[in-house]
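Quick note, the sequence shown lines up with residues -36 to -1, 1 to 659 if you use mature numbering (1 follows the signal peptide of the UniProt record, and there is no 0).
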Amino acid sequence: MRGTLQRTRWRLSLVGGTIAALVVGFAMMMVGTAQAAAGCQVTYAVGSQWQGGFSANVTIKNLGDAINGWRLTWTFPSGQQVTQAWSATVTASGAAVTATNVDYNGSLATNASTSFGFNGSWSGTNTAPTSFALNGTTCNGTVGTTPPPTTPPPTTPPPTTPPPAGDAMAAVAAMQPGWNLGNSLDAVGSDETAWGNPRITEALLDNVRAQGFKSIRIPVTWSAHLGGAPSYTIEAAYLNRVKEVVDWALADGFYVMINIHHDSWQWINTMPTDRTNVLNKYNSIWTQLSSTFRSSSPKLVFESVNEPQFTGSSGDAQNATLLDELNTSFHRIVRASGGNNATRLLVLPTLHTSSEQARIDELSATFTKLNDRNLIATVHFYGYWPFSVNVAGGTRFDATVQKDLTDSFDRVYNSFVARGIPVIVGEYGLLGFDRHTGTIQQGEKLKFFEFLGYYARSKKLTTMLWDNGQHLNRTAFTWKDPELFGQIKSSWTTRSGTASSDQVYNAKASAISSKTLTLNLNGTSFVSLKQGGTDLVRGTDYTVSGDQLTLTAAALTRLTGNRAYGVNSTLHAHFSAGVPWRIDIISYDTPVLSNATGTTAAFNVPTQFRGDQLATMEAKYADGSNAGPHNWTSYKEFDVTFAPNYASNTITLKPEFFAEVNEGAPVTLTFHFWSGAKLTYKVTKTGGNVTGTVG
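1. In this structure, does DSSP put residue 13 in helix, strand or coil?
2. Can you give me the Cβ contacts of residue 235 inside the same chain, cut-off strictly under 7 angstroms, excluding the 5 residues immediately before and after it?
3. For residue 190 and residue 256, I'd like the C-alpha separation in whole angstroms.
4. For residue 320, name the three-state secondary structure that DSSP assigns.
5. Please say whether residue 149 and residue 220 have beta carbons closer to each other than 9 angstroms?
6. Which class does residue 239 belong to by DSSP, given the choice of helix, strand or coil?
7. Can you list, in chain order, the stretches of the beta strand (DSSP E) that have 3 or more residues and sit fully within the segment 11 to 56?
8. In chain order, what residues of the same chain lie with their CB nearer than 6 angstroms to the CB of residue 392, ignoring the 5 residues before and after it?
9. What did DSSP end up calling residue 297 once you bin it into helix, strand or coil?
10. Could you give the uninterrupted runs of the alpha helix (DSSP H) lying entirely in the segment 423 to 447, keeping only those of 4 residues or more?
11. Where does the unbroken alpha helix (DSSP H) through residue 524 begin, and where does it stop?
12. Who are the near neighbours of residue 196 in its chain, counting only those whose CB is closer than 6 angstroms to its CB and skipping five residues on each side?
13. In terms of residue numbering, what span does the alpha helix (DSSP H) encompassing residue 620 cover?
14. Residue 143 by DSSP, collapsed to three states: which one?
15. Roughly how many angstroms separate the alpha carbons of residue 365 and residue 474, rounded to a whole number?
16. Please list the segments of the alpha helix (DSSP H) lying wholly inside the segment 241 to 274, counting only runs of 4 or more residues, in order along the chain.
17. Give the single residue among 454, 411, 330, 452 whose Cα lies nearest to the Cα of residue 380.
18. Using the Cα positions of residue 310 and residue 136, report the straight-line distance between them to the nearest angstrom.
19. What's the C-alpha gap between residue 525 and residue 397?
20. Assuming residue 493 and residue 537 make a contact with CB atoms under 8 angstroms, what is their CB distance in whole Å?
21. Helix, strand or coil for residue 187? Go by DSSP, reduced to three states.
22. Specify the secondary structure class of residue 388 as computed by DSSP and reduced to three states.
23. Using 10 angstroms around the beta-carbon of residue 542, count the other beta-carbons present and answer buried if the total reaches 16, otherwise exposed.
24. Measuring CA to CA, which of 97, 29, 84 is closest to residue 62?
25. Please state whether DSSP places residue 350 in a helix, a strand or coil.
26. What does the alpha-carbon distance come out to for the pair residue 588 and residue 79?
27. Would you call the segment 441 to 451 in contact with the segment 618 to 625, where contact means no fewer than 3 C-beta pairs closer than 8 angstroms?
28. Rounded to whole angstroms, what's the CA-CA distance from residue 434 to residue 413? Just pull it up for me.
29. Compute the beta-carbon to beta-carbon distance between residue 555 and residue 567, rounded to the nearest angstrom, for a pair I have assumed lies under 8 angstroms.
30. Hey, is the segment 315 to 331 in contact with the segment 264 to 281, meaning 3+ C-beta pairs nearer than 8 angstroms?
31. Below 8 angstroms on the Cβ atoms is my guess for residue 216 versus residue 173; work out the distance and round it to an integer in Å.
32. Roughly how far, in whole angstroms, is the beta-carbon of residue 638 from the beta-carbon of residue 576, given that I think they are within contact range, below 8 angstroms?
33. Is residue 156 helix, strand or coil by DSSP?
34. Is it buried or exposed for residue 263, if we count other Cβ within 10 angstroms and need 16 for buried?
35. Return the bridge partner residues of residue 81 from the DSSP annotation.
36. Do the segment 7 to 16 and the segment 57 to 73 touch if we need at least three Cβ pairs shorter than 8 angstroms?
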């Protein structure tokens, strides 16, 4: 999953719709030295549909040589979403869907068939997909090869003289810090409000500037606003709207970055099999944008394409060639258009905006070839995946998570910055934020962002926070998690002290004893411990020895008061720099689970949390093997397969969990709580029904 940045960015509102059964025949390219024949037929049938939902069945018939392991891909034309699947593992990135075999149906002999099904959701219309690809190659109805394009793509001649050397490093340094205006002009649909955000206003941009941001990335998706071939004329009203927002941002003093955004997975990804048409459309967009913004301030920056990806390619070598062709064509078009574009800063991404060394090396070769001092490299960073989404036990900002970050930033620094090529981390955050910012525990999240800001600064990387509306309220202009933004903002200029935890648990069933936290001083020194505006007394309420902060039993007794379940009081550790570290004093008892019955669509474990909070959940069969999705780990994905509901006193096991649980096989769940408590619970799926028992 690393390298595929999956974010929930699509909530479409479309009109019209039909239910269809679709049979698609296709052949796959001859691959490998043996030139094995390949081809297949796909039947896609919508069996039932209801308001907002539907059920579909997909049958794959292998027409070619036997295969062992299959991957079927398609794109939903109306933005539908798969909510539950069976007999296949189904994932999605935007409207692009991938289904892979499960252990019992991966082998397909010649003329053999297999089927899988899924439930989905839709809004406005439920148009059936019209094209499928099996194991990376596209449909044409026969068994054989796919011929290469016979007509070379159009190109724009390079400028006759290279642009003068500029100080791109200084400009990119001046762009720090940056913010993304996500899920607005990049929304897939006819309107910038299609994904739930309000219409962009001057007041919003003014307020973002006032928060301390110096650059703004404005992602733009163009596909719904283009005329037909060959001119692909951008709808005038939409182009004017983009220019209006850009001009507002420039007037505010921002550096501004615009790009081609979700088009990357909507149509640019088909370049391996539709190279000429993709380049025609891509080149037309950049030709029009270059003309429109030719005289705009040099503080306007162009980014060639967001998160480039290619479906059905032959592998890394072809991917690198195609991306180089896009980046090179973009460069030529912009430079040849003259005006401020002759020296405008241009941003080129790696494949998938990945920071893997192979992807960096591919982009580095393009930079060497172009020999233009006004170019910027870009990657995205969403952290070590198990931590980023809270799966596989990735609950803490530990040494593994930290090393993943330092390795990533070191690679781009050594390959680009050390050579005088500036780098923008065009998006950063945590992938779990697409569900909500509570997927990762608060203190662990704060440590991640504190370190990210510091290390990016040490490597001279400009960072742009991804915000699709989950961080800054775009009408009230307030931060939904002020503590998080406070930590991020502090990291732009200094380090902050943190601690091994932001929680101190005291069991009500036991006498209160002293508790110790390990301080992460991060180059600061400890100054004081406060409750509100009152200093706790060093030596009486607490002691500090090296990096060990110990709260005395007497102080904890006072701070817990009547020992009601939950947070009894809040302290803040102050350091010589940065923001204080919050410490919650919590009273709890071991949670209590109860027996329950329900269905695979809605099963809740009755839970008396009693002041505790859920960290993660394991799932195993009686033989010790892992149960549920991501069966390479016993620890399941937080909020995707299970979620606590503290208000309703339940832990919900989601349909996504039961979709990959064996029929009639008891599953032992182990719930891990932040206090350290662990509880087991057994669930058994029988048809659509579920029985849950304690122990």
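For each residue, glycine too, the CB sits at the ideal point set by N, CA and C.
The model shown is predicted, which means the values in this text are computed figures rather than measured ones.
Considering the structure as presented:
1. It is a strand residue.
2. Residues 242, 274, 286 of the same chain have their beta carbon placed closer than 7 angstroms to that of residue 235, with the five preceding and five following residues left out of the count.
3. The alpha-carbon atoms of residue 190 and residue 256 are separated by roughly 15 angstroms.
4. The answer is coil: DSSP assigns residue 320 none of H, G, I, E or B.
5. No, these two residues do not count as a Cβ contact at 9 angstroms.
6. Residue 239 falls in the helix class under three-state DSSP.
7. Counting whole runs of 3 or more residues, the segment 11 to 56 contains the beta strand (DSSP E) stretches 17 to 26, 35 to 39, 45 to 50.
8. Within the same chain, Cβ atoms closer than 6 angstroms to the Cβ of residue 392 are found at 345, 427, the five residues on either side in sequence being excluded.
9. In the displayed model, residue 297 falls within a helix according to three-state DSSP.
10. Whole alpha helix (DSSP H) segments, 4+ residues: zero.
11. Counting along the chain, the alpha helix (DSSP H) containing residue 524 begins and ends at 517 to 524.
12. These residues qualify, in order along the chain: 190, 245, 248.
13. Run containing residue 620: 619 to 622, per the alpha helix (DSSP H) assignment.
14. In the three-state DSSP reduction, residue 143 falls in the strand class (E or B).
15. Residue 365 and residue 474: Cα-Cα distance of roughly 34 angstroms.
16. Within the segment 241 to 274, not a single complete alpha helix (DSSP H) segment reaches 4 residues in length.
17. Nearest C-alpha to residue 380: 330.
18. Straight-line Cα distance between these residues: approximately 11 angstroms.
19. Distance between the alpha carbons of residue 525 and residue 397: 35 angstroms.
20. A Cβ-Cβ distance of about 5 angstroms is found for the pair residue 493 and residue 537, placing them in contact under the 8 angstroms criterion.
21. Residue 187: helix per DSSP, three-state reduction.
22. Three-state result, residue 388: strand.
23. A buried status is given to residue 542, since no fewer than 16 other beta-carbon atoms sit within 10 Å of its beta-carbon.
24. Among 97, 29, 84, the Cα nearest to that of residue 62 is on 97.
25. Of the three classes helix, strand and coil, the one that applies to residue 350 here is helix, per DSSP.
26. Our two residues, residue 588 and residue 79, have alpha carbons roughly 29 angstroms apart in a direct line.
27. Judged by pairs of C-beta atoms under 8 angstroms, the segment 441 to 451 does not touch the segment 618 to 625, as fewer than three such pairs exist.
28. Distance between the alpha carbons of residue 434 and residue 413: 16 angstroms.
29. No, residue 555 and residue 567 are not in contact; Cβ-Cβ is about 18 angstroms, not under 8 angstroms.
30. In short, these stretches touch, since the Cβ pair count reaches three.
31. Confirmed, Cβ separation roughly 5 angstroms.
32. The pair is a contact, with the Cβ atoms about 7 angstroms apart (cut-off 8 angstroms).
33. It is coil, neither helix nor strand.
34. Buried, since its Cβ has 16 or more Cβ neighbours within 10 Å.
35. 21, 50, per the DSSP bridge assignment.
36. Short answer: they don't touch.
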